[in-house]
Structure formats: structure tokens, C-alpha cells
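Participant: If you scroll down you'll find the structure; I have some questions about it.
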Amino acid sequence: MAIKQRTKSLKARNSELADTFVQLNVLNGKDRVDEKFPSFNKKVADLGFVPFQPTKMEIFQMNVGKMCNQTCAHCHVDAGPDRKEIMTKETMEQCLEVLAKGDFHTVDLTGGAPEMNPHFRWFVEECSKLGLQIIDRCNLTIIVANKKYHDLPEFFAKHKVQVVSSLPYFSASRTDKQRGDGVFEDSIKALKMLNAVGYGVANSGLELNLVYNPTGAFLPGNQASLEQEFKRQLQRKYDIVFNQLYAITNLPISRFLEYLLDSGNYEDYMEKLVNAFNPATVQSVMCRNTISVGWDGFLYDCDFNQMLDLKVAAPKSQHISDFDAKALNDRTIILNQHCYGCTAGAGSSCGGEVV
Amino acid sequence: MSEKTYFNPEDLKKFGNISEFQPEMAKKFFAWYGEVFKEGALTEREKALIALAVAHSEQCPYCIDAYSTACLEKGADEEQMMEAVHVAAAIKSGAALVNSTQMMNHVKKLTM
Ligand code: SF4
Ligand code: SF4
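First to last, the sequence lines map onto chains E and S.
Sequence positions in the first sequence follow this note's numbering and run 1 to 355.
Sequence positions in the second sequence follow this note's numbering and run 1001 to 1112.
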């Protein structure tokens, strides 16, 4: 079934929020920081993290393009079929040079739909030769979107790629509201294809992890309890198995920010995030061991800072062509009000809860 | 200016302030309350659904707001939430109706 998108990218709609400056203004507007919501920077400084720096870079996350076959309502990338920004082979080669030095154990591929990048398979093969743990953030539906993607499960299995896939709920209504009509049905088909080659099956060595993010202006509940319920329901209804569920909080940026503003939920949502601030999560937020590479080779503290166009504070190493591990490990991480999304409750990262 | 009503959703955030007038009892209440909603023989989600149902039969708007959010957070969906409210409604109406046996007994006693 073809997916029926419920929205278009901010960029395609010429929304003023497509401008990251406008987004930052919403988050940092004078009437909002300190007056209503305490400054995140100050919160972290009060805990003694001055300056806030990486522990050690271990995960190399690459956003290989904003192109996607879906246009989810909450997308922090503002991805969609209309987005043409795609990482070139040249930039990927520069990434491989850095990865070959052996400082990173994991390469984490995200997008958009990373598999739509024409050099995706070549790049995975090269990373596989380097012996890296490869993660693909696969939106599932891409596997069934076109014949040329139908063999992705076999390809992933061959290179022992860890597949991390979004499935906001184990029923169609919630999933499709967030991700587009028909997404749930296609996701179930794709999950069955992944299971068929061994993904998510005990002792297969092929890891399939699902991502849960709330389908609205509320925070994710306890990860272990949600995982249990997802496992029970997916097994019962569809005979689908998976390894872990990552509960991820929606950060108030890009299309999710638009949703919050349009639905009148922005202030309440920020208040929820601020009230749920958990000091114990600060030392484990993902920017401390991850570096994020944009489609055009620029470097960021994380995928969220990337989407806000906040480049790393390492003037001599802001692009993959100038990659300097020491300068990057010594940098100060750029924090902002959106970071409250990473420290609420049990915390949130690309691998789910952090404490 | 918004119209003044007895129920103000913002007051839910002040629930903790009940300790202002009686700290000791409030402290005990909140400790017990927290314990009640922890995962136990029942899951947190099941407890939130029960709370949502009771909130409706008690007709407490604060609790309805609080446990609608809690149910969503704990992974319940709209169908489960509405079924929980139907359970509350069924018990509430059943409780009214089952008492009609009393009425019938009485009527039968008094009439020929
Ligand atoms: S959330 Fe993922 S699948 Fe959805 S539009 Fe964004 S990149 Fe694509
Ligand atoms: S949003 Fe990025 S920079 Fe901020 S705390 Fe989260 S990972 Fe770190």
C-alpha cells in the first residue's frame, strides 16, 4: 500500500520554522529563557559541568541525507521526499578515512531514509571491512517502498548491521497519525521480512531494536514496561519479535516544534521537560561520546544540534575534511533549551533511556 | 481574561501545596500514593487505567486530566482508555440499577 503523507516538509511549505534561526528564537526568546524556563546551560553549570565536554568520542553518527519516503509529523530532520540534500561519495570517503584510524567502534547511519542515498550499500560494505559495528536507523517502510529495497534485510544480515527502527505504537491509528497513512501496515510487512532472515530472533546475532516516541505532547513512560507491552502485543497480534525497545523523548525542534506551537502545547511541554529534569542523566547524554556528521560534511555535537545548525565549537575542526580528534575531544558542547529533551525523566538518547 | 470557574486546570500543579495546611498528613499521603502507583502485581499501565476509570466515576476533572496523560505516557491507547471508562460507567449504572431490586421488594410488599 502506498503511504499517504499527512504533511509536507517545513521547507516545502515555506514555513518560517524552516529557518533554524526562528526555531532558536522560539526556544530562547527573551520572554522564555530564565523568565519562564530556567536556562539549560545554567542548570548544567550548577551541577559542576563547566565546561561541558565530551568524555571520549566513540560513536560516529552520520546523517547521510534528508531525503525520505515519509514525512512524519514529528520529524526533527524536516525530512521528506522533496528534500534533495544527500551526502556525496566524496564526503563518505572522507568519513572512511577518519573511521579507518580506529578511534570509533560504531558508525551510526541516519537520515532521512539512509538507504535512499545511492552510495549507502557501498559505504556499509566499506565500514564492514573496517570491522565497525554498524547501526542503520531504518524507517521500515523503505524496505517495501520499491523493489530495489526488498533485499535490504539480507544485505543488513550479511554485514551484521544493527537495525534500529521507529514504531511509535503497536496499532495503526497512533502510528499512522504520526508517520502517515499506511505506514503501520508497511512497517509490519517489513518487520516480518527482517524476522524472516533472523533479525530479532534469539541467538541469531542479528539485532533489531525498535524506537518508541510519544505520538503527541507527552513524555515516554518507563522503557522496560513499554518494551514488555510492545513485545507482548507484537507477538500476539503479528508474531513479530525484536530485541530492545528504545524510548525516546521528542525534542522541541523542527516539525515537532511546529506541532507543539500549532496545537497550543509548547509551553506545557517545555514545562513538563523542565520539571522532569534529572541531574543524573547529564553525564550520560549522547553528545558526550558521539560526533554527528551532516550530509555536507559539517560536524555537530548531535543530530539535534545539526538540525538547528549549531556546528561544533572547535573552529579548526568543523568539517570532516579538517577532522581533528584532539580538538574535538577538547571542545565545549553547545547546549541550548532543546537539551531539556535529553535529560527528562530517565533521559533520552539515540539508544533510549540513559539512566 | 478567561472566565472564572471553580475548576482551574492550573490548580492540578498545586496539588503538592496541600502540605501547607497539614504537612505531616500530606507527607504520609504522598508517600503512600507514590507507592500505590508503582509497578507491582499490576503494571503501571494497568494502574493508570484503573485510576482513569475511577476518576470518571468520581467525576474529578483534575484526576481525569492527570490520568489521561499518565495512560498515554504508560503506553495505553485511546481504545483501552475508553474501555476503562465504560467499565466505570457500567459499574456506576449497574450499581444504580441493582438497587432497584430493593425498590421492587418494597413496592411488592406494599402493593396487592
Ligand atoms: S522521522 Fe524518520 S522516517 Fe519520518 S520523515 Fe523523519 S527521517 Fe523520515
Ligand atoms: S540535544 Fe544534543 S547537545 Fe543537547 S544534551 Fe542532547 S545530545 Fe547533548
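All C-beta atoms in this analysis are idealised placements derived from N, C-alpha and C, irrespective of residue type, glycine included.
Computed from a prediction, not measured in an experiment: that's the story for all the values here.
In this structure, what does DSSP give as the bridge partners for G65(E)?
Facilitator: G65(E) pairs with I86(E).
Participant: Who pairs with L47(E) in a beta bridge, going by DSSP?
Facilitator: According to DSSP, L47(E) bridges with nothing at all.
Participant: Just how far apart, CA to CA, sit S39(E) and R121(E)?
Facilitator: CA-CA distance, S39(E) to R121(E), rounds to 42 Å.
Participant: Classify M270(E): buried if its beta carbon has 16 or more other beta carbons within 10 angstroms, exposed otherwise.
Facilitator: buried
Participant: In or out: D301(E) buried (at least 16 other Cβ within 10 Å) or exposed?
Facilitator: buried
Participant: Short of 9 Å Cβ to Cβ, which residues in the stretch 159-184 of chain E face chain S?
Facilitator: Y169, F170, S171, S173 and R174
Participant: Since I135(E) is in the beta strand (DSSP E), which residue starts that stretch and which ends it?
Facilitator: Q133 to C138
Participant: So, using beta-carbon positions, are A276(E) and G345(E) closer together than 7 Å?
Facilitator: yes
Participant: Under 9 Å between beta-carbons, which chain E residues line up against K1074(S)? List them in chain order, please.
Facilitator: G221, N222, S225, L226 and E229
Participant: Hey, out of C287(E), G180(E) and C339(E), whose CA is closest to P252(E)'s CA?
Facilitator: C339(E)
Participant: Decide yes or no for the touch test of the stretch 219-227 of chain E against the stretch 258-266 of chain E: beta carbon pairs closer than 8 Å, at least 3 of them.
Facilitator: no
Participant: Any Cβ of chain E within less than 7 Å of the Cβ of T1069(S)?
Facilitator: yes
Participant: Counting only beta-carbon separations shorter than 7 Å, does F104(E) have a partner in chain S?
Facilitator: no
Participant: Check each candidate in L96(E), M67(E), G198(E) and K89(E) and name the one with the smallest Cα separation from D82(E).
Facilitator: If we check each option's Cα against that of D82(E), M67(E) comes out closest.
Participant: Who are the near neighbours of D1011(S) in its chain, counting only those whose CB is closer than 8 Å to its CB and skipping five residues on each side?
Facilitator: Y1062
Participant: Using 8 Å as the cut-off, can you tell me whether the stretch 200-214 of chain E makes contact with the stretch 241-255 of chain E, which would need three or more C-beta pairs spanning the two stretches below that distance?
Facilitator: Taking 8 Å as the limit for Cβ pairs, the verdict is that the stretch 241-255 of chain E does touch the stretch 200-214 of chain E.
Participant: Going by DSSP in three states, I240(E) sits in which element: helix, strand or coil?
Facilitator: coil
Participant: Can you give me the C-alpha to C-alpha distance between S321(E) and G294(E), rounded to a whole angstrom?
Facilitator: 12 Å
Participant: Can you pull the chain S residues whose beta carbon is under 8 Å from the beta carbon of G216(E), in chain order?
Facilitator: L1072
Participant: Pick from T20(E), E16(E) and K42(E): whose alpha carbon is nearest that of V274(E)?
Facilitator: K42(E)
Participant: Hey, out of L167(E), M193(E) and F60(E), whose CA is closest to G182(E)'s CA?
Facilitator: That would be L167(E), whose Cα lies nearest to the Cα of G182(E).
Participant: Check whether the stretch 1016-1025 of chain S and the stretch 1047-1067 of chain S touch, using three or more Cβ-Cβ pairs below 8 Å as the test.
Facilitator: no
Participant: With distances taken Cα to Cα, identify the nearest neighbour of L132(E) among Q61(E), D186(E) and V201(E).
Facilitator: Q61(E)
Participant: Spatial neighbours of D108(E) within its chain, please: C-beta separation below 6 Å, excluding the five flanking residues on both sides.
Facilitator: I59, Q61 and I135
Participant: Measuring CA to CA, which of C127(E), R179(E) and R137(E) is closest to K158(E)?
Facilitator: C127(E)
Participant: Under three-state DSSP, which class holds M1001(S)?
Facilitator: Low confidence applies here, because M1001(S) scores a pLDDT of 47, under 50, leaving its location unreliable; read the following figure in that light. Of the three classes helix, strand and coil, the one that applies to M1001(S) here is coil, per DSSP.
Participant: Cβ of P114(E) within 7 Å of Cβ of T332(E)?
Facilitator: no
Participant: Distance check for S284(E) and S348(E), CA to CA, integer angstroms please.
Facilitator: 9 Å
Participant: When burial is assigned at 16 or more other CB atoms within 10 Å of the CB, is H76(E) buried or exposed?
Facilitator: buried
Participant: For ligand 2, any of its heavy atoms closer than 6 Å to the Cβ of D301(E)?
Facilitator: yes
Participant: At the 7 Å Cβ level, is D1077(S) part of the contact set with chain E, yes or no?
Facilitator: yes
Participant: V77(E): beta carbon under 6 Å from a heavy atom of ligand 1?
Facilitator: yes
Participant: Which runs of the beta strand (DSSP E) spanning at least 3 residues fall entirely within the stretch 272-309 of chain E, listed in chain order?
Facilitator: 290-293
Participant: Should M1001(S) be labelled buried (16 or more other beta-carbon atoms within 10 Å of its own) or exposed?
Facilitator: Because the pLDDT of M1001(S) is 47, which lies under 50, any placement of that residue in the model is unreliable, and the number read from its coordinates should be weighed accordingly. Exposed, because fewer than 16 other Cβ atoms sit within 10 Å of the Cβ of M1001(S).
Participant: Taking only the alpha-carbon atoms, compute the straight-line gap between P214(E) and V44(E) and give it to the nearest angstrom.
Facilitator: When rounded, the separation of the alpha-carbon atoms in P214(E) and V44(E) is 26 Å.
Participant: Confirm the yes/no value for this check: CB of F318(E), any heavy atom of ligand 1, distance under 6 Å.
Facilitator: It should be pointed out that residue 318(E) corresponds to Gln in this sequence rather than to Phe. False, no ligand heavy atom lies under 6 Å from that Cβ.
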